[in-house]
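Chemist: For reference, each letter of the sequence shown is one residue, going 93 to 1047 in the working numbering.
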Amino acid sequence: MRRLSVDVDESAWGKARGLDPELPPYPLVRHLLDAAAMALFLWDRYLSESQRRCITAGLGMAGDLGRARATTALCAGLHDVGKLSGFQLCDVRARERLSDALRKDRGRIGVERMPHEVAGMRAAAAVLAALGFRGGDGSVNGAVRRVAEIIGGHHGRFHEVVDLDPANLDLLGGPAWERQREAHAGVIFEVLGAPVPPERVEAPAAVLVTGVVILADWLVSQEQYLCRRQRELNTSLAAHFERSCADAERLVREAGLLPVELERKDFAEAYGITGKPNPLQQSVAEELAAAVCGEDSIADGGRRGGILLVTAAPGDGKSETALEAERVLSERFGTCGFAFLLPTMATSDQMYGRVAGVVARQAGAEAGLTLTHSMAWLNSAYAEDGPSGLRVLTCEGKEDGADRPGRREADMRPRRWLRGAKRPLLAQFSVGTVDQALMGVLPVRHNALRLLALSGKTFILDEAHAYDPYMQVLLGRLLNWLGWFGVPVVLLSATLPASVSDKLIKEYLKGAGWKKSELRGRAFTAPYPGWLYVDAAGGGCAQISPMRQTEQAAARRMRLSVQVERVVHGTGGGGRNRLAVIQRLLEPVIEGEGGCALVVCNTVVEAQQTYLSLRRHVAGRGRAGGAEEVQLLHARFPGEERERRTQTVTAGLGRSGPRPERRIVVATQVVEQSLDLDADVVISDLAPLALLLQRAGRCWRHETWWEQHGRPQGRERPAWAKRPRLVVLDPLAGGRGVPGQWGEVYAEFLLQATSEILARRGKRPIEIPEDVQELVEDVHGDRGDRFAWDDPAKSAAYTAYRGKELAERSVGDVLVIPRARSVPGLHSLHHLRGAEEEWEAATRLGADAVRLLCVYVHADGTTTLDAEGTRPLPGLDGSLTSDDVRAVMARTIPVNADWFKGELDNHRVPDGWAEHPLLGDLVMLRQPCAEGRVRPVPVGGKSLHLDPDLGLVRT
């Protein structure tokens, strides 16, 4: 580093908005010192051992953790160096306080406007040269280029590095400005002990460093903190840095980011259950532990993680197995905490309650645990805190581009720091939808922060079978990055085809450094039930022992009787009419000794029709047929009502009871995954075989448990329920086609294949777990005999299915970011211009949805949230409180955006809500309401209305 003779000019400001206008703005150099100090603390106390190893290896520092620590903090300390540019002129009050030296040497500032992060990226080469960085060979991994990318990406989007010709440096100000950029950087460099710069930086390590920089910046940009430090500007820079270092722990602790050490309890106490672990869980605790402890570490990056696939039938305790695996893997690989991710918000809400208990029993109240999905803040178990009023001042002034919608989150006030936008995954423990993780491999703003959040904890994915080909591409790419980071991964599934699991495992191993040629010819197949573990470093495999596998199979063995009923949809069919068949099947429940039945429908419309039919049927038999006997659950209820109904259904059909004497639950696919229900019989519409097995997993789910520990109220199953039974309502069995009302819910090929297999089996029961994997492979596996070459017309359904699958994979390949080891410049992580905002990226194909708010327009012109007229629309003048927003969003329903195609202007929210970041995007259905009656609203050739008993009705 060349010696700098210029003093730092503290009139150059870093923060002004929201601060005391009577005091000078917050100096840029002090904000940079704050960020560097915070990065040091994050390295020491927030990052896991595995993250520190990854960054150190990626910086090419051969295990020199101290040097890597200082280099990471240097990047944080340089993040806003680009504010020594036209940025200084974008606040009138702050501009007037600039020194004469800066005001008189503005160069060509303003000729080319650019955000300060881009200015910093373009100035980086000159600044880093002053610190002793060598220009390198122009490689994409060169340290100067990578640090420039990190500086340019600290607002969440990476930019392509374009060298700024020295003759054009005056676009960022004259020589005085250039000297100040170097002086500011020099101060940071010196307080960090002048670390020896790296020569090269691998892209994934640069992504993690960028995540640390963003997090450090956010933490020290909190309004309350800046206001307090603004009153302490008379101290020396060295004293200021000392104070920043001392403040860091409190800021991290208040944010809920300070990791806690779990006090590991024995199985029963940890999970709050009675009894011992089952053989599968015991095998993971003992045999997996022995397998991973025998693996050697590698010299350049430490222990490199591994991937575990757990396969078992629904109800076999896979969630607890995953948490046991997390304990084993985190101790071995140095991760801290876990992300437990699931396919839907409903399953995430259910799992959050279970995980909260596990964490509380082992970590106490100080542990950071978040629920992470788009509507998490509406979950009653999660949203108990009052508003904290925290603001993170990450944007300033009126820079070019700073007023675009993507920056509105800077003004949002989360209830707690971790519950703000994009932050929940940063918690030590998080539960949520897999979509939140998949955002990390889509070209959206702050994907680096999501990857940082995931890189330090064990990654657990439940229901790994539940994702379509498009999502499998995204999931595979995420696993590829996690493989590079050495993150231990746990995949859980009851019905995952071997071909899919093999691809996912290989993607992980490619990220860990395995070449395609090295994996060719290898197949990774897990025993069923059981587990398969593949080590990332050596590629060795371990699996459940035959003894434990046999014990697990015996402990959970079930002979599932499968009864196929040929049905006719619609109004015809006589005794074979679908509704008539359902009524006949449920006679023992309705007229006999009662019992609990689950009816699973393929569409919301059929669920509503089935529910109404059963209610009328029950009422016609002399009973009220109220909500206590027949219940309806699907996804088109307002959020608060759906949560209430889910809790009611789960309580009635759950393990602990109280179990009702007579209960029929009519539901859609919302009950397929992770809901802990036990029915005496399950009646299901025909669905792909893997999903039928999932639905069957709700039949006699707790039988083994109850045999050992007693039944709720001591009530035995009804005499008619002699064995677990799945009844499949098959409209294809009589030679008919797929019902038109099913649309494209399921591929015709999968339905045909399932129907044919069930017909071939006849009355032969399904032996669980022995038959499960074979049945899944028969329908869902990769087989070479699917296509009828002698008569291609017979394979039309299969051809359409494969065509759609390939198309979905192709879309995923276009959108997803490059593999971890194939990143040219970091700008390739945002390769689709204009798609950086999260609401413009889809983690699911065909998921173009809007949130619908059904309101009621009364005769006097008033509009309310309820039909009774007691809850007027809040905040029509724009003065919305957090409670107002919660009340509105809790009444919304996710629906297909195509319903309103060409008609959205007729259903916009009131003007007072239009600019709100949540309410502004709602679609409002204004239902005329007179004399207590609600009239349907015509929309797109259909009519819509919200029925309190049926939910949203579309006819």
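For every residue, glycine included, the Cβ atom is placed at its ideal position computed from N, Cα and C.
Would you kindly work out how many angstroms separate the C-alpha atoms of A604 and D627, rounded to a whole number?
Modeler: C-alpha separation (whole angstroms): 10 angstroms.
Chemist: Taking the runs of the alpha helix (DSSP H) that are 4 residues or longer, which of them lie wholly in the stretch 305–352?
Modeler: Fully enclosed alpha helix (DSSP H) runs of 4 or longer: 315–322 and 329–346.
Chemist: In whole angstroms, what separates the C-alpha of L263 from that of A331?
Modeler: So the alpha carbons of these two residues sit roughly 34 angstroms apart.
Chemist: Run through DSSP, which three-state label would F179 get?
Modeler: F179 falls in the helix class under three-state DSSP.
Chemist: Could you tell me the boundaries of the beta strand (DSSP E) in which R988 lies?
Modeler: It is worth fixing the name first, because residue 988 is Asn in this sequence and not Arg. Start and end: T984 to N988.
Chemist: Can you check the stretch 640–726 for any beta strand (DSSP E) of at least 3 residues that lies completely inside it and give the ranges in chain order?
Modeler: The stretch 640–726 contains these whole beta strand (DSSP E) runs: 650–658, 687–692 and 722–725.
Chemist: In angstroms, rounded to a whole number, what distance separates the CA positions of S1035 and E995?
Modeler: Approximately 13 angstroms, taken between the alpha carbons.
Chemist: Touch check for the stretch 669–679 and the stretch 797–807: three-plus C-beta pairs under 8 angstroms?
Modeler: They do not touch, by the three-pair rule.
Chemist: With a threshold of 6 angstroms on Cβ separation, who are the neighbours of P506 within its own chain once the five nearest residues in sequence on each side are excluded?
Modeler: With a pLDDT of 27 at P506, under the threshold of 50, the predicted position of this residue should be treated as unreliable, though the coordinate-derived value follows. Counting only Cβ-Cβ distances below 6 angstroms, and skipping sequence neighbours, we find G512.
Chemist: Got a sec, what are the start and stop residues for the beta strand (DSSP E) E859 sits in?
Modeler: From DSSP, the beta strand (DSSP E) with E859 extends over I858 to I860.
Chemist: Should the stretch 768–783 be regarded as contacting the stretch 832–842, the criterion being three or more beta carbon pairs within less than 8 angstroms?
Modeler: The stretch 768–783 vs the stretch 832–842: in contact.
Chemist: What three-state label does DSSP hand I909 in the structure shown?
Modeler: Looking at I909 - three-state DSSP - the assignment turns out to be coil, as it is neither helix nor strand.
Chemist: Could you tell me how far apart the beta carbons of A431 and K602 are, in whole angstroms, since I believe they sit closer than 8 angstroms?
Modeler: At roughly 21 angstroms, the Cβ-Cβ gap does not stay under 8 angstroms, so A431 and K602 are not in contact.
Chemist: In terms of alpha-carbon separation, which member of C791, P207, G806 and S637 lies closest to K814?
Modeler: Of C791, P207, G806 and S637, the residue nearest in Cα terms is C791.
Chemist: For W606 and R612, I'd like the C-alpha separation in whole angstroms.
Modeler: In a straight line, the C-alpha of W606 is about 10 angstroms away from that of R612.
Chemist: For G478, is the classification buried or exposed, using 16 other Cβ atoms within 10 angstroms of its Cβ as the cut-off for buried?
Modeler: Confidence at G478 is low in this model, with a pLDDT of 35, below 50, so its placement is unreliable and the value that follows should be read with caution. Classification of G478: exposed, given that the 10 Å Cβ count is below 16.
Chemist: Return the CA-CA distance between W576 and G532, expressed in angstroms with no decimal places.
Modeler: Taking the straight line joining both Cα atoms gives about 14 angstroms.
Chemist: Mind checking which residues open and close the alpha helix (DSSP H) that includes D822?
Modeler: Run containing D822: none in the alpha helix (DSSP H); it sits in the beta strand (DSSP E), R817 to D822.
Chemist: For V681 and E753, what's the separation of their Cα atoms in angstroms?
Modeler: Spanning the two alpha carbons is a distance of roughly 9 angstroms.
Chemist: Excluding sequence positions up to five away, which residues of its chain have a Cβ less than 6 angstroms from the Cβ of A381?
Modeler: Same-chain partners within the cutoff: V420.
Chemist: Give the secondary structure of V239 by DSSP, where H, G and I count as helix, E and B as strand, and everything else as coil.
Modeler: Helix.
Chemist: Taking S411 as part of the alpha helix (DSSP H), name the residues at either end of that continuous run.
Modeler: Element bounds for S411: K410 to F425.
Chemist: Hey, could you find the ends of the beta strand (DSSP E) D627 is sitting in?
Modeler: Where D627 is concerned, the enclosing beta strand (DSSP E) stretches over G622 to D627.
Chemist: So, helix, strand or coil for Q564, using DSSP?
Modeler: In the structure shown, Q564 sits in a helix (DSSP, three-state: H, G or I).
Chemist: Let's see if you can read the secondary structure: which residues bound the beta strand (DSSP E) around A586?
Modeler: Premise fails: A586 is in no beta strand (DSSP E) and is neither H nor E.
Chemist: Could you work out which residue in C1021, A899 and D990 is closest to A959 when comparing CA atoms only?
Modeler: Looking at the Cα atoms, C1021 is the closest of the given residues.
Chemist: Opposite K107 in the DSSP bridges: which residues?
Modeler: For K107, which the question treats as bridged, DSSP gives the partners Y118.
Chemist: Mind checking which residues open and close the alpha helix (DSSP H) that includes L843?
Modeler: Start and end: E840 to R853.
Chemist: If D772 and C688 are in contact, beta carbons under 8 angstroms, what's the gap, nearest whole angstrom?
Modeler: Contact holds; Cβ gap of about 5 angstroms.
Chemist: Helix, strand or coil for Q1075 per DSSP?
Modeler: Nothing in the structure corresponds to residue 1075, since the chain is present only between 93 and 1047.
Chemist: Which residues bound the beta strand (DSSP E) around M1016?
Modeler: V1015 to A1022 is the extent of the beta strand (DSSP E) around M1016.
Chemist: So is R943 buried or exposed if we call it buried at 16+ other beta carbons inside 10 Å?
Modeler: With 16 or more other Cβ atoms within 10 Å, it is buried.
Chemist: Can you tell me whether L1038 is helix, strand or coil according to DSSP?
Modeler: Strand at L1038.
Chemist: To test your reading of the DSSP string, which unbroken beta strand (DSSP E) runs of 3 or more residues are found completely within the stretch 950–1010?
Modeler: Whole beta strand (DSSP E) segments, 3+ residues: 984–988.
Chemist: Among K598, R828, R734 and R713, which has the Cα closest to the Cα of C633?
Modeler: C633 has its Cα closest to that of K598, out of K598, R828, R734 and R713.
Chemist: Please report the straight-line C-alpha distance between R668 and T760, rounded to a whole angstrom.
Modeler: Roughly 22 angstroms separates the two Cα atoms.
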